[in-house]
Structures are given as C-alpha cells and as structure tokens.
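**Q** Sharing a structure below in structure tokens format, with a few things to ask.
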Amino acid sequence: MSTTRTIRFTLNGRAVAADVAAGETIVDMLTLRFDLKGARESCGQGLCGCCTVTVDGMAVSGCLSMAWFLDGTSVETIEGIGTGGALDPVQEAFIEAGAFQCGFCTPGFIMMVRQLLDAHPDPDDEEVRHYLTGNLCRCSAYPEILTAVKLAAAKRKKLAA
Amino acid sequence: MASFELIEPQSVEEALVALDSDDPAVRPMGGGTALMLMMKAQLFAPTRLVSLRGIGGGFSGFSLSGDGETFCIGAMTTFSELEQSVEIARHLPVITQTMKTLANVRVRNVATVGGNLAHGDPHLDLPPVWTTLGARVRIIGQSGERVIPVEELFVGYYETSLEPGELIAQVLVPVRPDWRSFYAKVTTRAEHDWPALGLAVSVLPEGERIADVSIVLSAAVDRPTRLVNAENVLRGSVLCDEVLTRAGEAAVAETDIETDNRGSSAYKKQLLRVHLGRAIRKVMGA
Amino acid sequence: MTATTPAPSIGRSLPRLEARDKVTGRVEYVHHLRLPGMLYGKIFRSNVPHARIKSIDTAAAAALPGVYQVVTIEDIRKVIPHPYYGPAFHDQPILADGKVRFAGEPVAVVLAFDRKIAEDAVALITAEYEELPGIFDEIEAMTSDVLVHDELKPASTFPDLQHLKGRKGTNIALDYQLRRGDTEAGFAKADHVFEHTFCSQQVMHIPMEPFVSVADYQDGHLTLHTASQGPSFVRIEIARLLGLPENRVRVKVPFLGGGFGGKLYIKLEALVTALSMVAQRPVKISLTMEEQFYMVTRHPCHFTIKSGLTKEGKLIARHCEVIWNGGAYADIGPRVTQKAGFTSAGPYDIENVSINSYAVYTNRPPCGALRGFGAPQTAWAYESHTDMIAEAMGIDKVEFRRMNMLREGRPQASGTPLRDAEIERSLDHILDRMNWSLPFDRGSGTIKRGRGIAIGFKGITAPTTSVAIVNLFADGSCALYIGTVDMGQGSDTVMAQIAGEVLNLDAASIKVIHPDTDVTPYDMGTLGSRSTFHMGNAVKLAAQDAMGKIADLARELGLPEGANLPLADMLRKKYGMQAGNIIGTGSFIPDYEKPDTTTGLTKKGTPFWGVGAAGAEVEIDIETGAIKVTKLVNVADVGTAINPKAVQQQLSGAAIMQLGFTMTENMVFRDGQLTNGSLADYKIPTLLDIPREFINEHVPNAYDKDGPFGAKGAGESTTIALSPAIGNAVADALGVRIHDLPITPESIFRALQAAKGTPLEDCA
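Residue numbers (the numbering used here), protein chains in the order written: chain Z, 1 to 161; chain R, 1 to 286; chain B, 1 to 764.
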C-alpha cells in the first residue's frame with residue numbers, strides 16, 4: 001500500500017528528505033517538518049495566496065498541493081530568497097513602498113511578485129492587478145503593493161544592467 | 001483526511017488497471033486542485049487516487065495535427081501551458097482570452113485540461129468554450145476508446161458521461177480560421193469571482209450576416225448548454241438589434257435558470273439577454 | 001541617550017520597526033505556535049440555528065485511534081462551574097449548554113495530538129436536536145415570542161446595564177436612549193418632514209490570520225498565547241471565570257495577522273482554557289477561514305431616520321430609530337448599540353434630537369465590533385437621508401450640509417461640544433480632490449455616470465485607560481512596555497516615535513515589548529481608534545516621567561544645570577559600573593462625564609471626535625446594473641499625523657475594507673444557515689476592485705489639543721462616510737436610491753426597473 005513515501009527534493013537550495021502521507025499538503029509539511037513559517041494557510045482554498053511557494057520555479061498554492069509530488073523537484077519559499085543576508089529586490093521594494101500592514105499575506109505576495117516579474121519584467125498596472133488577483137490582503141495594502149511592484153521592476157532592471 | 005493510497009502509474013495501461021475497481025472512492029487525479037478542495041471540505045474521502053502525471057503518451061503536450069485541421073491537446077496539459085502558447089494564441093485565441101480571468105495564476109499552473117472537464121462543475125470557464133469551438137474528447141477505458149463531442153460529456157450537475165475507470169485522454173479542437181469566438185465571463189458579486197453566467201459564442205461571419213453560430217451557456221444552468229433556439233434565430237440572419245433581441249428572448253425561453261447567491265433567476269435572464277447580444281456583436285466585429 | 005540629537009520623530013514616515021521580519025516571513029504569530037505536548041482542538045458545530053440538544057454521540061469519535069479526548073459542556077462544568085462569558089453579558093456558554101442558538105455554534109471539541117485526526121474525528125460526532133423556531137430578522141425579533149435567551153445576564157462590570165438584569169421575555173439586550181430638546185414639538189413646527197429607512201447587511205472581519213489561541217494550564221497557573229486585541233481584558237475575564245487572581249493568568253500576544261475589531265474581548269480564549277484544564281495539557285485551536293464566520297461578525301442594522309426642517313432648509317428635529325441585529329450572543333454589541341446610537345443623528349447641529357438604539361438577539365452568528373463600531377452603518381442612513389432631503393428641497397447638497405453642519409464648540413446631540421473636529425475642512429478637502437466645481441461627464445449610451453459625497457463622525461469609547469512603562473537600560477538604550485497590540489496598524493512604530501520624541505532617541509532604536517500581562521501594564525484594548533490617543537498619551541507621560549527621573553539623577557550626581565552627560569555615564573557614575581535602570585511610568589484616562597441615565601446627555605461623552613469624509617464617482621451600465629467605482633477620495637481628520645505613511649495606509653486600508661462592505665461583502669443566510677461562508681463565495685476586495693483613481697489623505701495641520709503631540713486615532717475614520725458617498729453617486733447617476741447594502745449590480749438593476757414601473761420578478 002503506497003499511503004506514505006519518502007520524498008527527496010531541494011528546499012531553498014539544500015537537499016532534503018521527508019516521509020509524507022498521501023494528501024499531506026506542502027504547507028503542512030513545510031510548517032510541521034521543516035519549521036518554516038513563511039508559507040501560511042489562510043483561506044485553505046488557493047484563493048488568498050498566503051501559502052504560495054514555487055516548485056521548479058512555478059508558483060503553487062501550498063495548501064492545495066500534495067507534498068508527495070515534490071520528489072525530485074526544487075522548492076523555494078520566502079525563507080530561501082535573497083542572498084547572503086541581503087534581501088531580494090522585491091522584499092526591499094515592499095519595505096520601501098510600505099506594501100504591507102499585518103504582514104500575514106506578505107510572503108505570498110512577494111513570492112508571487114517575483115514570478116510576475118519573471119514573466120513580465122515591466123508590467124503595467126492592469127497586468128499587475130490581474131496577475132495578483134489570487135492574492136488577498138485584508139489590510140488592503142493594495143495601492144502600496146502596486147507601487148512596490150513598479151519599484152521592484154526598476155530594481156531588477158538596475159541589477160541586470 | 002483519512003489515509004489513502006496514491007498510485008503513480010507510468011503508462012495508460014497501468015493507470016487503467018489501478019482504476020479498475022467498483023469502489024467509487026478510487027479516482028484518477030490530474031492537477032489535483034478540485035480533488036484537494038473536496039477532500040479538505042470532507043466532501044470526498046478517497047481510498048485510492050491514481051495520479052496521471054507520469055503516464056505520458058497523448059496525455060501530455062499539445063500539437064496541431066498533420067493536416068493542420070485539429071489541435072490535439074493532451075488531458076494533462078496545464079492551463080498555464082495553454083496560456084503561454086503562441087500556437088494556441090494564433091489558432092485558438094479565445095482560449096488565451098479565457099485564461100486571463102480563469103481562477104488565478106497558481107491554479108492555472110497546476111490545473112489540467114482533462115481534470116477540469118472530468119470535474120463536471122458547471123461554473124468552470126473552459127467547458128463552454130471547448131463546446132462552442134466544436135471540440136471533442138478522446139476517452140480511454142478498459143473496453144477501448146471513444147470520441148464524443150464535449151457537450152455530450154456533461155449530463156447533469158457535477159455529472160459526466162464518463163464510465164468508472166474511463167479517462168479523458170485528449171481534447172480535439174477543430175481549427176476553424178473563418179470562425180470567431182468569444183467567452184463572456186459575467187460576474188455579479190465582484191470583478192474576480194465565479195461567473196454568474198458564462199457565455200461562449202462562436203460565429204462564422206459573412207459580412208454582416210451570421211452564416212453559422214454556436215452559443216453555449218454555463219454557470220447559470222446545471223451544465224454547459226447549447227442555446228439551440230437562439231442559434232436558430234441568429235443563423236442566416238443579418239446582424240441587427242431586432243434579431244439580437246429575439247435571440248436573447250429565445251435564449252431566456254429555452255433555459256432553466258435558477259436563483260442562487262450570484263443572482264436571482266430574473267436578473268440572470270436579463271444578463272443573458274444583454275450579454276448574448278453584446279457577445280454576438282463583439283465576434284461580428286460590430 | 002546619545003550626545004547627538006536624532007531627527008525629530010513626530011511627523012516622520014518611519015518604516016515599520018518589524019518590516020524586515022515581515023518581508024522575510026520570520027515574524028511571530030500565534031498561528032505558528034507549538035508547545036511540547038500540545039493537543040489540537042477541533043470544534044464540532046451545530047447544523048441547526050435554534051434547538052434543544054437531546055443528545056450528543058461522541059463514542060465513535062472518541063474511539064478513533066489518536067483521539068485524546070472528546071469534550072462537551074459536561075466536562076467543562078467540572079473545571080469551570082459557571083461556564084458563561086462575554087464582555088457585556090455573561091450569556092455565552094463555553095460550549096453549547098443544552099441549547100444551540102445559531103447554526104455553527106460550538107457543541108463539542110475533539111482533542112488530538114494530530115490536527116488531521118481531530119478533524120476526522122469531528123466528522124464522526126453526531127447530535128440529536130429538538131428544533132425550535134428560529135428568529136433571524138431584527139425587526140421581527142423585537143416583538144417575537146421566539147426568545148433567544150430566557151433571561152438577560154448583564155456583566156457586573158457595566159453599571160449602566162444593571163437595569164436589564166434578570167429581564168425575561170425579550171430579545172432586546174439594550175435600549176439606549178438620547179433625548180435632546182423636544183423632537184415632537186420640532187416636527188410639529190417643521191415645514192417639511194422626511195422619513196427614510198436604510199439597512200446594512202451582516203459582514204465579517206476576515207483577518208488573514210484566522211482566530212487562534214493556545215492555553216497552557218498547570219497547577220492553578222494559566223498562560224494564554226492568543227491572537228487577541230485585548231490581552232488585559234482577556235486576563236480579567238478568564239480570571240473571573242476561573243476564580244483566580246489576575247497574577248495567575250498570563251496572556252501573551254505577539255503580532256496579529258489582522259484584527260479589525262474581531263479579535264477583541266474574549267473569543268477562543270475561554271474555550272482553550274477550559275480544554276487545557278480538562279486535558280491537563282496545552283491546547284491549541286486554530287479556526288479555518290470558514291469557521292471564522294461563526295466567531296464574530298458586524299451587526300446588520302435597520303435604521304429609520306426622520307427629520308424636520310424649516311422651509312429654508314434648516315434641520316430642527318430628528319428622530320433616529322436604530323435596530324441592531326446582534327446575533328445569538330451579545331459580545332460587545334450593547335456597546336456598539338450605545339456608541340453608534342450616540343452619533344446616529346450625524347454631524348449636524350439640530351436642536352431637537354431623539355434617538356432609540358436597540359441591541360437585539362437573533363439566531364444568527366454573534367455580532368460585535370468591526371472597524372467603526374457601528375458608525376458606518378449609521379452614516380449609511382444619515383448621509384443617504386441628507387442627500388435625499390437636499391434633492392427633495394432643491395438645495396445644493398454641499399450647501400445643505402454647510403447650512404446644518406455641526407461647528408467647533410457647538411453641542412452635538414448628546415450635549416458634548418464639538419472640539420478639534422475638522423468636519424468642514426474634511427468636506428472642503430473632498431470637494432477639492434473631487435474637482436467638484438468643474439463640469440462632470442455624465443456618461444453616454446448605456447453608461448451613466450454620477451458622483452456623490454458624504455461626511456461622518458464618531459465618538460470614542462470612554463472612559464478607558466492605558467498604562468505604559470518606559471525602561472532605559474544601563475547603556476541608555478530603551479524598551480517600551482505596552483499592551484497595545486500591533487495587528488498591522490503600526491502601533492509599535494508610532495509608540496516608539498512618541499517615546500523617541502520625548503526621550504530624544506532615534507525611534508527605530510527603541511524596542512517595543514509586546515503584550516504580556518506578566519510584564520506589560522494594563523491597557524483597555526486595541527480598539528475603536530483609541531491607541532494613538534490613549535496609549536500615545538500614556539507613552540508620552542511615561543517618557544516624561546523617565547526624563548524627570550534622569551533630571552533627578554543629574555541633580556543627585558551634582559551635575560551642573562544644562563549638562564548633557566549621556567545617561568549611560570550618569571548610571572555608571574551612580575552605580576560604579578554599567579548597571580541600573582531608569583523606569584518611567586504613565587497612565588492615561590481622558591476626562592469623561594457619565595451620560596444622564598434618562599436623557600443620555602453629557603458634557604464630555606467622547607475623548608475626541610473621529611471625522612471622515614468621502615467622495616465617489618461611479619459608472620453604471622443601465623442594462624445590467626453593473627457598477628464601477630471609478631474614483632474614490634477619502635479624507636480624515638487624524639489631528640497630527642505622527643507617522644504620515646502609516647496614517648495614509650490606515651485611511652486607504654479602512655476605505656478598501658468598507659468598499660467591500662459596500663459593494664461585494666454579504667453573509668447570505670437561508671433559514672438561519674450561512675450559505676456563503678468561504679472566500680470562494682464571500683467576496684472581499686482584490687486588486688481588481690480598487691478604484692483606478694484612489695486618493696486617501698488626512699486634513700493637513702489638524703490638531704487635537706488633548707492628543708499626544710496633537711494626534712488622534714486614524715484606524716476607522718475613512719470607514720464612516722464611504723458607503724453613503726457611493727450610494728449618493730449612484731442616485732446622482734440614475735435618479736434612483738439604493739436603501740440596502742450592499743449595492744450590487746442586481747440591486748441597482750432592480751431599483752431601475754422599479755422606478756420604470758416594470759419591477760423585476762422573484763427577488764432573491
């Protein structure tokens with residue numbers, strides 16, 4: 001009976017392994033087995049984005065995705081971005097724009113904005129609004145988030161130049 | 001959720017064997033989004049899930065057939081793959097258009113074409129679009145293979161014509177360069193929401209005349225539904241207000257629209273009248 | 001204390017002290033807390049709105065491997081003999097006690113080491129009910145024979161509720177009255193009398209961090225880790241329930257993932273405490289998003305407003321009949337009823353005012369405080385009414401407001417004079433940002449455009465106390481000990497700025513110690529726009545106290561006047577080594593005069609006035625009723641903006657929240673059952689819902705002379721006037737009036753059809 005399995009994957013650049021049950025979600029595994037707190041379950045339905053992580057560079061809802069399938073993949077969470085203690089440009093932009101209040105949705109937004117900028121390095125407002133409809137901020141720091149995306153895009157361009 | 005078995009077959013044959021069971025709690029799984037939602041809501045407790053991720057074959061990828069007349073889309077193709085495809089944007093632009101407001105990026109990254117169809121949820125955006133495009137589905141089961149029009153897949157509220165153990169393998173979409181299609185996702189509670197009604201239309205225009213037309217209504221009805229009487233009003237007609245009004249009334253008369261949290265029956269009928277006319281005008285370029 | 005002078009703190013947009021922890025995901029929430037040996041509790045809830053419980057079958061759940069225990073009220077009664085709690089009434093049982101009063105009420109709890117097992121076990125519990133008729137509508141509940149509670153049980157902490165004690169045969173939990181002048185005589189004298197009714201719907205706070213509490217009870221000592229906005233209240237109420245002194249109950253609160261008034265008073269704390277006592281282990285309960293809808297919500301409100309005017313348009317009499325649907329348990333509803341009742345006649349100068357405001361029990365989920373404490377529901381009525389009167393009398397809507405506006409020094413309905421409340425400047429600011437004097441595009445074809453404005457105000461819960469401690473360590477560095485909860489509003493940063501200003505320290509270097517009732521002093525709660533004003537004053541006093549002690553120390557050390565020896569050096573001089581502290585304390589309670597028990601009149605009923613104004617432009621498709629708010633302007637009087645950026649975020653965030661309550665959010669019930677209790681079906685604003693033109697500003701150079709450095713609260717002001725501004729814009733566009741929130745495409749289309757004499761059938 002294959003109700004549990006050992007998965008081996010890369011978590012924020014480190015090779016790791018975990019024994020998971022079928023149906024166990026990524027966010028539960030990250031929280032309970034790796035003590036990571038950045039991906040959080042909130043709506044539980046993939047609508048709010050608080051649990052966003054990337055799997056092989058693609059954003060997924062950690063609350064709706066089974067950890068089972070992570071075997072052989074590379075997983076990145078908010079804890080893995082930035083380099084050597086320095087913040088990622090998107091994190092910097094969020095601070096500079098004041099793009100959060102309570103902070104609960106913030107890691108999910110940041111992970112999603114990174115993916116947005118990978119796909120659209122210079123997005124216009126409407127692109128940003130559509131791309132981020134799956135991320136909810138009840139404090140409603142939305143105007144500041146729009147500003148942060150612009151700032152982050154500029155920072156990335158500057159880094160690339 | 002109680003523990004269950006998860007199997008990852010590496011071929012269609014293995015998958016069909018794993019699914020060969022009288023137990024209704026044995027199910028195939030594509031991207032898994034809908035299943036996870038049902039499992040978390042304790043609406044469904046599987047005893048065995050059969051993941052189709054590894055089965056390969058025609059289930060993954062999509063391409064234009066040799067004769068250039070049909071798009072063959074593997075059931076395990078994700079929405080993001082469709083959304084980002086230049087080929088799809090060229091030949092099936094209505095699919096690209098629909099993707100923009102379908103769920104959210106993370107769902108589109110994992111949700112699959114086949115899983116979406118097999119779910120049978122009448123509020124989904126793509127089923128009416130496939131239907132209006134004249135798409136068919138290739139279904140594989142223990143007893144062989146069959147190909148049916150997408151609309152024949154839906155037999156009721158969350159009910160499909162798939163037999164136990166059958167899998168959707170591919171969606172076959174005819175390439176019809178002379179046709180134009182549009183999907184109107186009409187939301188009433190917020191801009192981003194499940195549709196109160198989904199309206200997919202395709203027309204074959206001949207100048208101002210509608211040479212042929214296909215209209216599919218979803219969300220407001222229990223399954224994606226062809227609006228045959230409205231099509232009949234429009235087919236062969238020259239586009240004008242009077243014809244659109246008649247088509248709208250025919251559409252309202254031939255459907256059974258129920259009240260729900262997205263709107264009363266009377267209001268959704270009004271939305272159908274208005275948006276049908278607008279959608280037809282849009283695809284006719286008027 | 002350094003020799004170099006840091007930049008002044010007040011008026012500086014300092015980034016949040018915890019900004020880095022929030023963008024890296026490391027910030028601490030109770031959501032993540034796990035204690036050794038901890039059990040997870042999962043709640044079994046009633047599926048009927050009103051019933052006697054005949055039996056609860058927990059056997060199958062208890063038998064599931066991995067289940068530690070299944071708990072019902074019988075188990076709880078063994079550890080807490082009188083298991084009823086609540087801030088205003090002791091009416092809420094820790095678990096259903098013989099009866100359920102709303103669908104979704106907690107009936108039993110499964111405890112397990114594994115959360116999933118607890119969830120599975122809950123599905124195995126069954127209960128048998130004898131269903132009772134339910135009462136859901138507030139108007140019907142006023143006179144219904146169906147009674148939600150047999151007897152009213154006001155908490156002894158509220159002297160003004162004691163007359164309700166033991167009252168039977170009613171669903172009315174509070175009957176607030178205000179009588180000023182002679183309203184009947186005013187109406188008799190009036191040339192014109194208008195009466196309209198407006199309704200607001202039930203909505204929910206939806207904090208992204210759902211309600212969560214952890215209790216650890218051991219040998220007569222309790223530690224609660226809880227996502228609460230009011231740790232001091234939690235301690236007092238739990239100590240009362242357990243019969244313990246306050247010093248045996250410790251309540252710790254890290255950051256909150258949103259609160260908005262929901263996480264106030266006492267929520268899951270009583271339940272987890274009881275469970276921890278029963279199980280003799282730490283117990284955690286985290287609600288899911290769906291379960292949050294059964295915790296606490298915002299009151300539906302039914303408001304009939306009647307006004308008498310002279311032929312010139314001067315308001316001379318107003319009667320307000322305000323009925324609040326409080327749900328099954330009072331929570332803080334009676335206070336909402338009273339506080340919002342108090343200002344329900346609006347920011348107008350009216351000689352004769354009478355107000356009746358009723359809190360009513362029904363079989364719905366309980367209602368409590370939500371960002372504005374009822375003020376938004378009342379403003380929806382009085383500002384829609386204002387426009388309707390002006391229209392009917394042919395008076396310009398702005399002029400009509402100016403003609404009747406309450407001005408500085410004039411008594412508000414309660415007799416409390418308006419003071420430091422920039423109502424007119426808020427209105428002027430709105431008009432300016434709306435380009436009100438310029439021609440306006442009214443749309444074409446099937447699109448109609450309109451614009452509207454509204455003003456509003458609110459009183460602040462009084463009298464309430466805040467206490468603060470400033471601790472300067474031996475090296476001169478500083479920590480601030482306060483009970484104010486940072487739930488996203490930025491209170492840590494603002495309080496550090498206030499302390500920094502007085503202590504001449506860089507605010508960013510100050511450490512703010514989070515609420516821990518063993519460590520931080522009393523605070524009434526982080527609620528009702530009170531923290532900047534009350535705790536800000538307490539922090540300022542504490543810092544001044546510390547400065548006084550430093551001056552004393554300088555004298556003691558014989559330093560010459562004007563010496564600026566750093567504190568670290570002074571302490572070293574005194575103690576001969578790096579040692580010692582300077583501790584400053586501050587306690588603040590504003591002036592207050594209790595309202596007269598029969599007339600409700602008082603000379604000092606609020607510590608300050610919250611003031612907000614809004615302007616909206618809308619675009620409506622008349623064939624479908626589809627509406628877009630294309631421009632939204634919100635202005636508030638916040639006194640001095642201690643941190644302008646944080647203020648701007650509060651104004652904008654509160655406005656978007658109220659935009660949700662105006663346009664999209666609605667808890668829909670059928671036969672007492674919530675039908676849309678998840679974010680898939682209860683629609684809160686997303687980025688797509690934010691108006692393309694969206695302006696949020698505070699009135700410049702406003703100053704509240706009682707506030708710290710002139711500041712007052714900013715968290716709620718922009719919720720007040722927003723809904724009527726949009727309603728007025730809709731009326732301006734279409735010539736039809738929406739009376740009930742939310743304003744949906746269907747409600748607009750229905751109103752249009754009704755006005756045409758072809759009403760749409762079968763209202764949903």
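Each residue gets a CB set at the ideal place from its N, CA and C atoms; glycine is no exception.
Under 6 angstroms Cβ to Cβ from R180/B, same chain only, skipping five residues before and after it: list those, please.
**A** For R180/B, where only same-chain residues beyond five positions count, the Cβ hits under 6 angstroms are V353, A413.
**Q** Expressed to the nearest angstrom, what Euclidean distance is found between the alpha-carbon atoms of D22/R and T47/R?
**A** Taking the straight line joining both Cα atoms gives about 12 angstroms.
**Q** Please list, in chain order, the chain B residues whose beta carbon lies closer than 7 angstroms to that of E191/R.
**A** By Cβ distance, chain B contributes L688, D689.
**Q** Chain R beta carbons: is any one of them nearer than 9 angstroms to that of Y750/B?
**A** The sequence given here places Arg at residue 750/B; Tyr does not occur at that position. Yes, contact with chain R.
**Q** Given a limit of 7 angstroms on CB to CB distance, which residues of the stretch 257-279 of chain R reach chain B?
**A** Here the close residues are T259, N261, G263, S264, S265, A266, Y267, Q270, L271, V274.
**Q** Considering just the uninterrupted stretch of the alpha helix (DSSP H) at H119/R, what are its terminal residues?
**A** Per DSSP, H119/R belongs to the alpha helix (DSSP H) from 113-119.
**Q** For P210/B, go through chain Z and note every residue whose CB falls closer than 8 angstroms to its CB, in chain order.
**A** Near P210/B (Cβ distances below 8 angstroms), the residues of chain Z are S42.
**Q** Give me the residue from A184/R, S63/R, A190/R, T78/R with the minimum Cα distance to L272/R.
**A** With distances taken between Cα atoms, L272/R lies closest to A184/R.
**Q** If you check the beta carbons only, do P282/B and A215/B fall under 9 angstroms apart?
**A** The answer is yes: Cβ separation under 9 angstroms.
**Q** Pull up the CB-CB distance for G333/B and H299/B, whole angstroms please, since I reckon it's below 8 angstroms.
**A** The pair is a contact, with the Cβ atoms about 6 angstroms apart (cut-off 8 angstroms).
**Q** Can you name the residues that DSSP bridges to D765/B?
**A** With chain B covering 1 to 764 only, the question about residue 765/B has no answer from this structure.
**Q** I'd like to know if the stretch 580-594 of chain B and the stretch 461-476 of chain B are in contact, where contact means that at least 3 CB-CB pairs between them fall below 8 angstroms.
**A** Contact between the stretch 580-594 of chain B and the stretch 461-476 of chain B is present, because at least three Cβ pairs lie under 8 angstroms.
**Q** Kindly list, in the order they appear in chain Z, the residues whose Cβ is closer than 7 angstroms to that of K100/R.
**A** The contacting residues are H130.
**Q** Taking 9 angstroms as the CB-CB cut-off, is G49/Z touching chain R?
**A** It does; some Cβ of chain R falls within 9 angstroms.
**Q** Closer than 9 angstroms, Cβ to any Cβ of chain R: which residues of the stretch 40-72 of chain B, in chain order?
**A** Taking 9 angstroms as the Cβ-Cβ cut-off against chain R, none of the residues of the stretch 40-72 of chain B qualify.
**Q** Would you verify that the beta carbon of G677/B is, or is not, closer than 9 angstroms to some beta carbon of chain Z?
**A** Answer no: the Cβ-Cβ gap between G677/B and chain Z never drops below 9 angstroms.
**Q** What in chain Z is Cβ-close to N232/R, meaning under 9 angstroms?
**A** Going along chain Z, no residue has its Cβ under 9 angstroms from N232/R, so there is no contact; the nearest lies around 36 angstroms.
**Q** Tell me whether L117/Z sits in a helix, a strand or coil according to DSSP, three-state version.
**A** Correct three-state label for L117/Z: helix.
**Q** What did DSSP end up calling F749/B once you bin it into helix, strand or coil?
**A** Helix at F749/B.
**Q** Would DSSP call W834/B helix, strand or coil?
**A** Coverage of chain B is limited to positions 1 through 764, which leaves residue 834/B absent and any answer about it impossible.
**Q** Are there 16 or more other CB atoms within 10 angstroms of the CB of L527/B, so buried, or fewer, so exposed?
**A** When all chains shown are included, L527/B counts as buried.
**Q** Comparing the CB of Q91/Z with every heavy atom of the ligand HEM, is any distance shorter than 8 angstroms?
**A** Inclusion of the ligand HEM in the displayed structure is not the case, the ligand content being empty and no account of it being possible.
**Q** In the DSSP assignment, what residue or residues form a beta bridge with W324/B?
**A** BP columns for W324/B point to C301/B, A359/B.
**Q** Below 8 angstroms, how does it come out for the stretch 734-749 of chain B and the stretch 197-205 of chain B: are there three or more Cβ pairs, yes or no?
**A** Touching, per the Cβ criterion.
**Q** Label S2/Z either buried or exposed according to how many other C-beta atoms from any shown protein chain fall within 10 Å of its C-beta, with 16 as the threshold for buried.
**A** Label assigned to S2/Z: exposed.
**Q** Alpha carbon to alpha carbon, how far is A155/B from Q162/B? Give it in angstroms, no decimals.
**A** Whole-angstrom Cα-Cα distance: 8 angstroms.
**Q** Out of curiosity, what's the CA-to-CA distance linking V193/B and A381/B?
**A** Roughly 16 angstroms between the two C-alpha positions.
**Q** Measure the beta-carbon distance from F71/R to H91/R and round it to whole angstroms, keeping in mind my assumption that it falls under 8 angstroms.
**A** Confirmed, about 6 angstroms.
**Q** Do you know offhand how far R5/Z's Cα is from W68/Z's?
**A** Approximately 7 angstroms, taken between the alpha carbons.
**Q** Could you tell me which residues DSSP pairs with K458/B in its beta bridges?
**A** Partner(s): G610/B.
**Q** What residues from chain B crowd round Q42/R, counting only those whose CB sits closer than 7 angstroms?
**A** Going along chain B in sequence order, the residues near Q42/R (Cβ under 7 angstroms) are A123.
**Q** Using the Cα positions of T2/B and G476/B, report the straight-line distance between them to the nearest angstrom.
**A** Its pLDDT being 42, under 50, T2/B is placed unreliably in this model, and the coordinates cannot settle the point.
**Q** Suppose the cutoff is 6 angstroms on Cβ atoms and the five residues either side in sequence are ignored; what does the same chain contact list for D492/B look like?
**A** The residues are L17, D486, V512.
**Q** Between the C-alpha atoms of Q92/B and I620/B, what's the straight-line distance to the nearest angstrom?
**A** Using only the alpha carbons, I get a separation of about 45 angstroms.
**Q** Which two residues bound the contiguous beta strand (DSSP E) that contains D19/Z?
**A** D19/Z -> beta strand (DSSP E) spans 14-21.
**Q** Between the stretch 80-94 of chain Z and the stretch 40-48 of chain Z, are three or more C-beta pairs nearer than 8 angstroms?
**A** Judged by Cβ distances under 8 angstroms, the stretch 80-94 of chain Z makes no contact with the stretch 40-48 of chain Z, as fewer than three pairs qualify.
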